[in-house]
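Peer 1:
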Amino acid sequence: DVYKSQEHFTPDYTRYFHALDEPVRDRLVAAQWQLHKGIDADTLAAIHDELYRRTLDGGWPDAVLTPGVRVRTAGRLATSQIELHVEHVQQGTRTRLTTDAVVLATGYRERPLAPLLTALEPYLH
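For the sequence shown, our numbering assigns the number 275 to the initial residue and increments by one for each residue that follows.
1) Taking the continuous beta strand (DSSP E) assigned at THR340, which residues delimit it?
2) Can you give the Cα-Cα distance for LEU371 and TYR397, rounded to whole angstroms?
3) Please return the same chain residues whose Cβ sits closer than 8 Å to the Cβ of VAL343, not counting the five positions on each side in sequence.
4) Pick out whichever of THR392, VAL377, GLN365, ALA388 has its Cα sitting closest to the Cα of ARG299.
5) Identify whether GLU384 lies in helix, strand or coil by the three-state DSSP scheme.
Have a look at this one:
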């Protein structure tokens, strides 16, 4: 479950959490009391530090972590960018995100990768 990992302690999640309505935040706090490690603490700390460093000049980092977001559809644009149609699960809102690359951290169940990787093979380096 993406909601039970240390991604909750990133700048992105902090902004996301505080933008939620109070009843939603209250439900999440109650549900998150037993957070377990979904990512190595040192790796997460390094990611957090790098994303924070990228905001020091007042800009937005060029990479984000988006816990609590479900990808509804994804497609390649003519520009070689990827457009994601996403749903913010707790907010109940949908939006689009255009990006150059996507890293999918979809949970803890092992799934066969061959169908996914076959379609992505031309883009893998």
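We put the beta carbon where it would ideally sit given N, CA and C, even for glycine.
Note that the structure is a prediction, hence the values are computed from the model and not measured.
Peer 2: Put simply:
1) Counting along the chain, THR340 falls outside any beta strand (DSSP E), and DSSP gives it neither H nor E.
2) The alpha-carbon separation between LEU371 and TYR397 amounts to approximately 19 Å.
3) VAL360, GLU361, HIS362, VAL363
4) GLN365
5) coil
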